[in-house]
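First comes the structure, then the notes that go with it.
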Amino acid sequence: MNWFIYKDDLFIPVDIRALTIDDAVKAGLIIAREVLGEVDKYCVYEVGDEVVIEYWRDKELSTKLIYADDPAMALMRYYNAEKAGLIECSSVF
0 MNWFIYKDDL FIPVDIRALT IDDAVKAGLI IAREVLGEVD KYCVYEVGDE VVIEYWRDKE
60 LSTKLIYADD PAMALMRYYN AEKAGLIECS SVF
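Under numbering that gives the first Met the number 0, the first residue of the sequence shown carries the number 0, and numbering increases by one thereafter.
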């Protein structure tokens with residue numbers, strides 16, 4: 000499994016070391032701030048070994064941090080879970 004940032008419709012490999020979801024959120028927040036400038040909230044989806052963390056700026060701009068063997072499939076599962084209302088979001092302070 001590898002970490003990817005999803006930006007501009009591309010899956011870009013990133014070197015992240017995270018043992019917990021909180022570690023991944025913090026590491027991804029640094030990258031998301033570089034991409035978005037500022038981050039208002041993040042949403043986490045975890046199923047099995049896959050993790051998708053979406054970082055939001057306002058309600059229009061976002062980027063995603065994905066941990067998966069197949070990031071495209073993980074992203075599709077994330078979108079399906081989002082439609083079903085299964086994604087948990089938190090504000091960034």
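Virtual Cβ for every residue (Gly too), placed ideally from N, Cα, C. Here the structure is a predicted model, which is why all the values come from computation and not from measurement.
Rounded distance between the beta-carbons of residue j and residue i, thought under 8 Å
i	j	result
I11	L64	So it is not a contact: roughly 10 Å between Cβ atoms.
A67	E49	4 Å
Classification of residue i by the beta-carbon crowding that lies within 10 angstroms, buried from 16 upward
i	result
V24	buried
I20	exposed
G84	exposed
L74	buried
E27	Just to set this straight, residue 27 is Gly in the shown sequence, not Glu. With 16 or more other Cβ atoms within 10 Å, it is buried.
Simplified DSSP state of residue i, which is helix, strand or coil
i	result
A17	coil
L85	coil
One or two residues paired with residue i in a DSSP bridge
i	result
N1	A67
L9	K6
Exercise for review: Write down every uninterrupted run of the beta strand (DSSP E) in the segment 23-69 whose length is 3 residues or greater and which is fully enclosed by it, in chain order.
Suggested key: 40-46, 49-56 and 60-67
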